[in-house]
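> Here you go, one structure.
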Amino acid sequence: MDYLAPATLDDAYRALEAEDARCLAGGQSLVAMMNLGLVSPARLVSLRRIEALRGIDLQPDGSLRIGAMTTHAEVAALTVSAAGPALLAQTARVVAYPAVRAWGTIGGSVAHADPAADYPVALVAADALIEVSSASGTRRIAARDFFRGLFETALEKAEIVTAVLVPPGAQGAGAAYEKLSPVAGDFAIASVAAIAGRTARLGVGGYATTPIRLEGIGVSDDALLEAGRALAASSEPSDDHRASAAYRRRVLPELIRRAVRTALIGARA
Amino acid sequence: MSQAKRRSVLTVNGEQHHVLAPAAATLLDVLRTGLGLTGSKCGCNHGVCGACTVLLDGKLARSCLTLAADVGERRVTTIEGIAGDLDFSAVQRALVESGAIQCGFCTPGFVITLTELFARDPHPGRETIRAALSGNLCRCSGYVKIVEAAEHLAGGVR
Amino acid sequence: MSDPVRAIGSSPPRLEAGDKAIGRAQYVDDIQRPGMLYAALLTSPHAHARILGYRLDAARAIAGVKAIVTGADLSGSRSGGIIKDESMVARGKVRYVGEIVAAVAASDPQTASRAATAIELDYEPLDAVLTIDEALAPGAPVLHEESASYVKAIQGGGHGNVVFETTVAEGDVERAFAQCDVIVENTWQTQAQHNAYLEPGGCVADVDASGRITLYASCQSVHHVQQRVAEELGEPMARIRAIAMRVGGGFGGKHASNIHSIAAWLARAARRPVKLVLSRMQDFEIQRSRHPARIWMKTGARRDGMILARDVRITLDGGAYADESPPVLAFALLMSRGPYRIANVRARGQAVYTNKLRAGSFRGFGNPQASFAGESQIDELASRLGINPVELRLANAMRPNDTAFGGQPVASCVLRECIARVRDAQREAPPLAPRNGRRRGVGFAVMSHISGLMGTAATVQLRTDGSIALSTGCVDIGQGSDTAMVQICADALSVPIERVSYAPQDSDASPYNWKTAGSRSTYMTGRAVAVASLEMRDRMLAHAADMMECAVVDLELRPGGVVGLKGVPKTVGFREIAMRSLFHSGGPIVVTHGFVFDGTGFDPKRASIHQLAFANLGVYTFGAQCVEVDVDEGTGQVEVRRAWCAHDVGRAINPVSCEGQIQGGFVQGMGYALVEAMKWNAEGWLITATLADYKVPGVLDCPPEIHPIILEDPDPTHPVGAKGIGEPSLVGAAPAIANAICNATGARLRTLPMTPERVLNAMDSRS
């Protein structure tokens, strides 16, 4: 294997043109997979030295632009009131463990597109945009279109996730991320990200190969439970050794209710 | 699998080391076999157990999930660099004196994790301590005495 | 310096804790040797297949490959524990996915691994059996067709896929059930749990010019490693030396391993040192698990709460090789009565072969399975009788001088005190605030266990400066035996612990010890240390009497290594005694005491027992545990909020170490109860072979409060009264939690682990 650590995006694009080249961001998933022999890329292109991938900036439209190499710990430390960024910060706080949050990055998580990961669910709920760049330019893809399947995204060859843009969300809305996992810090078996005000917009993880987006959901308990039952009935949840599809269906209405109830507490505060 | 080796310079416990290792070599591997710093332990090699935890620029890092080639200019602190030779830091002393060390294989990771915690918060409460330790597995102690050791050090417990 | 008269009962930091805290403690993988080779393993992709042939040319052609071993190189008899049905690499057949079929030693790990994957085997796949029912079905494929030819230290199995079967019975169960007012009957299922010690298994084998092999091992007994490796390699034991490194946890899982023999074989073939350290995945796939079990149990009582009868059937899934299945089954049966006075009990059991990883010893040794069923059933019985479950336990609990199941008299028994202590501690604790959407429940469980088994020895030697060299074969796998042994020795001789050195375990030098297992170290080896130390004291007193020209009865040990004349300041030091013995008369003072567990055995007049692997077990220990849980109504998640664990340790040599054993054992039991499970797919592949898939509790999954309550009822057979505490603390967790869940929700869980899904389903099926 060959390793490069370019200092600029342009150099990174060139380096990625090689056969079977992969970006190395925080490495918290990729290196684990390499150690387990699940992947063995011919070339790793480390994004660590590229300044353009760092930093968190408030955009004129109120969106937060989070550079791809921003760590989970940095996102978790954000003190923001707007619902979209607040949702991301809450989500970042329950990703894995402190040592993984210290180096794992939002861009790496997005590009990896693990169906059990936390960020994709929150990004879909937040109506975030994924900014991707290559030698031929930059494009922004809605999160709900970006995730295509199991570890599959809209990224093209030699394209890099450069940032995530998170809109503020409706005025006065609150946010919450509700995660169910076998032990603390583990991947979710089911998760719900909610942005809620008069109605709720949800990202739901564990019920398809990519996060499911629901919007305009009424925020009464009855409406939320009903939305959960409907989604449980119509979706095809994962069925694996960590939890059965039946269990995922069974708990979904309550997870949705809890996520929105918690989000609304934030909205009032 | 290519075995082409790369040269890199690592700053470990304040000393510079020139290392020659395959590009896929993890920091853990280089520390243990290249530099003879065997205090960091390999409990799983996939980032879950925490026995390989080191500090990179003062932040917690899984050395098994960090490629040695990708460390760059970041300063590495291992268990061997926590105190002077045969000296004990306050964290180490607290763990020893509280009976928090059993088989000891997880201990270097716990020492590193608590060292990072106390560096940013000298008086953490129980929940802060537990959250900080959430990425380190111990199979012997049930964690009670490890948390107690940290609580004694924090001075927060009677 | 610690106070010498209080070496026992104080909690000095562990001798090796400092080295562990600074990263200097040496584990197997920390060893480097000049010219050392690295081993890699090739394992079976089939759950059951005949090996037709090997193609090694491609692997041999790889530069840097120094030795290869396959089943074709092995000859002679098979090895193993009670039933010799294994070989260090598969021969003739493979019987589980992950079974080692070949091993390579090469100049670096990557080359070794590349060479291992370059080895090709021709297999003829066979039908596999993955469950107890498949294994016992008529016409099922048989794993060990040649079972009749195996060397067996025990009879009682060998037909079809039955490894072993036996019965333990007392009284007349059928007649007693006829007198019962209430009878409860049910079936429980338990899963494969992995020891999941933090340090994966490993060893380094070195070889000298004479061809003698030295093994540095992560193990639970150097003597056992030596014996097993000698057997596999066809070498006399004198040609094999085993040395224990610091061991990163064992819990029974490292009591034996084929990897020691493989490393030794490769080192002998390559004439170079060989390191073989398992990856976490390999450790999951090739070492051993706790036995999955199916337990049917029926218990009957009179209306007043007196339990009259219990009938039990236990079937253990033993995996592909017998390993410790026979004794685990026997012990599970013996523990299935629970620590109760039940006059009529029948316990029948079978262990079966399946095409999965061998199941073997793991902290508790069959007792966790039996107690999960038994202690759950006590709560169900209490509910049917309308009697408080704690009161029912107190009413039927064993008392001092009762007999254990099998007829062994039990002199020391503080079970009722243990129950009362946890009940009162929980009652008196400030209540935790209720939480929205969570149901709170309290549950209890009691247990007995044993502490003993087999042989052990200790040697003490007086040095020229009057300090003491202590040596035993007891390997400290994290439980703290090094420190406890030194404390026992120092206490007997009234010296500070700093005056006693403790030798690492080395089969060339250490007195024999069976194993670190069976909660036996403090009781067995500790007893040997105490007796040897006291005999050394007597020999020193005899010297002192000569030197001071007085009678031994007029002398006393004084703190700090001094013998004094009673009532007079006149003294002689250990140093002077040592000098006299070495240079004047008597010779070096070296005392060895060895014994084999000598307690009363089973009573054949009282109990009917067929073919157990042991004639007697050990001294009995007792305990009681209480937990408070919160059950999430919406998700079924169970959170253990607080636990109280009262255990009789006879006498606490090092109370802090006892507490650590209790707390750690409880959490391992909690993991067993709620989350840990090894799972195989339909092809027999282990799908939980990483710590990302096999989850063990982290600190946030554990209660911050696990209150150890140590009871000390000195055992009369031990010079300082100590008994073991390694295993019992794990045993009560699962039933106590199951009982608490039922107390909270009314739902009775009879399958482990009690996952959120199972809890929610059980709650749903009630409403």
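Chains as they are written, first to last, in the numbering used here: chain A, 7 to 275; chain B, 19 to 176; chain C, 84 to 850.
Note that CB positions come from ideal geometry on N, CA and C, so glycine has one too.
1) Rounded to the nearest angstrom, how far is the Cβ of Ala403 of chain C from that of Leu226 of chain C, given a contact under 8 angstroms?
2) Below 8 angstroms, how does it come out for the region 69 to 79 of chain A and the region 99 to 114 of chain A: are there three or more Cβ pairs, yes or no?
3) Along the region 153 to 176 of chain B, where does the CB come closer than 8 angstroms to a CB of chain E? Name the residues.
4) By the DSSP assignment, the beta strand (DSSP E) with Cys709 of chain C in it spans what residues?
5) Does DSSP classify Pro787 of chain C as helix, strand or coil?
6) For Val88 of chain C, does the three-state DSSP call read helix, strand or coil?
7) So, for Asp26 of chain A: in the same chain, excluding its five sequence neighbours on each side, which residues have a beta-carbon less than 8 angstroms away from its beta-carbon?
8) Can you give the Cα-Cα distance for Leu835 of chain C and Gln274 of chain C, rounded to whole angstroms?
9) Cα separation between Pro140 of chain B and Leu64 of chain A?
10) Which two residues bound the contiguous alpha helix (DSSP H) that contains Met568 of chain C?
11) Looking at the strands, I want to know which residues DSSP matches up with Pro492 of chain C.
12) I'd like the list of long-range same chain contacts for Met84 of chain C, defined as Cβ closer than 7 angstroms, with 5 residues on each side in sequence excluded.
13) Interface residues of chain A around Lys26 of chain C at Cβ under 7 angstroms?
14) Using only CA atoms, which one of B:Gly90, B:Ser107, B:Pro142 lies nearest to Pro17 of chain B?
15) Which residues of chain B have a Cβ atom closer than 7 angstroms to the Cβ of Ser362 of chain C, listed in chain order?
16) What residues in the region 782 to 813 of chain C bring their beta carbon closer than 7 angstroms to a beta carbon of chain B?
17) When you compare the CB of Cys124 of chain B with every CB in chain C, is at least one pair closer than 8 angstroms?
18) Mind listing the chain C neighbours of Arg144 of chain B? Cutoff is C-beta to C-beta under 7 angstroms, in chain order.
19) Out of C:Leu139, C:Arg133, C:Val543, which one is the CA nearest neighbour of Ala615 of chain C?
20) With C-beta atoms as the reference, is Ser152 of chain B less than 8 angstroms away from Ala190 of chain A?
21) Which residues in chain C sit within 8 angstroms of Leu45 of chain B, going by Cβ to Cβ distance?
22) Report back the beta-carbon spacing between His790 of chain C and Ala516 of chain C to the nearest angstrom; my notes put them in contact at under 8 angstroms.
23) Name the DSSP bridge partner or partners of Phe527 of chain C?
24) Taking Gly181 of chain C as the reference, which of C:Ala141, C:Phe367, C:Glu474, C:Ala405 has the closest Cα?
25) Alpha helix (DSSP H) containing Gly90 of chain A: first to last residue?
26) In the DSSP output, which residue or residues are listed as bridge partners for Asn63 of chain B?
27) Looking at C-beta atoms only, is the number of pairs between the region 250 to 266 of chain C and the region 304 to 320 of chain C that lie closer than 8 angstroms three or more?
28) Give me the chain B residues within the contact set of Ile560 of chain C, using Cβ-Cβ distance strictly less than 8 angstroms, ordered along the chain.
29) Bridge partners for Ser139 of chain A per DSSP, in chain order?
30) Can you round the beta-carbon distance between Thr214 of chain C and Thr486 of chain C to whole angstroms, since I take them to be within the 8 angstroms contact cut?
31) Give me the subset of the region 82 to 114 of chain A whose CB atoms are less than 8 angstroms from a CB atom of chain B, sorted by chain position.
32) Could you tell me whether the Cβ atoms of Leu53 of chain A and Ala18 of chain A are closer together than 8 angstroms?
33) Taking Glu253 of chain C as the reference, give the member of C:Pro117, C:Val612, C:Leu417 with the closest Cα.
34) What residues from the region 53 to 80 of chain B come within 8 angstroms of chain A, judged by C-beta to C-beta, listed N to C?
35) Report buried or exposed for Val175 of chain B, applying the criterion of at least 16 other Cβ atoms within 10 angstroms of its Cβ.
36) Does the distance from the CB of Ala376 of chain C to the CB of Thr398 of chain C come in under 8 angstroms?
Considering the structure as presented:
1) About 6 angstroms separates the two Cβ atoms, so the contact holds.
2) Here the region 69 to 79 of chain A makes contact with the region 99 to 114 of chain A; the two share three or more CB pairs at distances below 8 angstroms.
3) Any reference to chain E falls outside this structure, whose protein chains are A, B and C.
4) That run of the beta strand (DSSP E) goes 701 to 715.
5) Pro787 of chain C: coil per DSSP, three-state reduction.
6) Confidence in Val88 of chain C is poor, its pLDDT being 49 and thus under 50, which makes the residue's placement unreliable; the coordinate value appears in the next sentence. Looking at Val88 of chain C - three-state DSSP - the assignment turns out to be helix.
7) If we look at Asp26 of chain A and ignore the five residues flanking it on each side, its Cβ neighbours are Pro47, Ala48, Arg49.
8) Each residue's CA atom was taken as its position, placing Leu835 of chain C and Gln274 of chain C some 6 angstroms apart.
9) Going by the C-alpha atoms only, they are around 33 angstroms apart.
10) Looking at the DSSP string, the run of the alpha helix (DSSP H) that includes Met568 of chain C is 564 to 576.
11) Per DSSP, C:Thr486.
12) Reliability fails at Met84 of chain C, whose pLDDT of 39 lies under 50, so the model's placement of it is uncertain and no value is given.
13) What the structure shows of chain C is the stretch from 84 to 850, and residue 26 of chain C is not part of that stretch, so it cannot be assessed.
14) The question about residue 17 of chain B has no answer, for chain B in this structure spans 19 to 176.
15) Residues of chain B whose Cβ lies closer than 7 angstroms to the Cβ of Ser362 of chain C are, in chain order, Asn63.
16) So the close ones are Val782, Leu783, Cys785, Pro787, Ile789.
17) Between Cys124 of chain B and chain C, the shortest Cβ-Cβ separation is below 8 angstroms.
18) Correct list: Pro787.
19) Considering only alpha carbons, the answer is C:Val543.
20) In this structure, Ala190 of chain A lies closer than 8 angstroms to Ser152 of chain B by Cβ.
21) What Leu45 of chain B touches in chain C: nothing, since even the nearest Cβ is about 15 angstroms away.
22) At roughly 19 angstroms, the Cβ-Cβ gap does not stay under 8 angstroms, so His790 of chain C and Ala516 of chain C are not in contact.
23) Note: Phe527 of chain C sits in a beta bridge opposite C:Cys709.
24) When each option's Cα is compared against that of Gly181 of chain C, the closest is C:Phe367.
25) Gly90 of chain A -> alpha helix (DSSP H) spans 89 to 99.
26) In the DSSP output, where bridge partners are listed per residue, Asn63 of chain B has none listed.
27) Remark: fewer than three beta-carbon pairs, one from each stretch, lie closer than 8 angstroms, so the region 250 to 266 of chain C and the region 304 to 320 of chain C are not flagged as touching.
28) Under the 8 angstroms cutoff, chain B gives Cys121.
29) A:Thr144, A:Ile166.
30) Not really, about 37 angstroms apart at Cβ, beyond 8 angstroms.
31) The region 82 to 114 of chain A vs chain B, Cβ under 8 angstroms: Ala102, Tyr103, Pro104, Ala105, Val106, Ala108, Trp109.
32) In this structure, the beta-carbon distance from Leu53 of chain A to Ala18 of chain A falls below 8 angstroms.
33) Closest option to Glu253 of chain C, Cα to Cα, is C:Leu417.
34) Residues Asn63, His64, Gly65, Gly68, Thr71, Leu74, Lys77, Leu78, Ala79, Arg80.
35) Any reading at Val175 of chain B is ruled out, since the residue's pLDDT is 46, under 50, leaving its predicted position unreliable.
36) Taking C-beta atoms as the reference points, Ala376 of chain C and Thr398 of chain C count as a pair closer than 8 angstroms.
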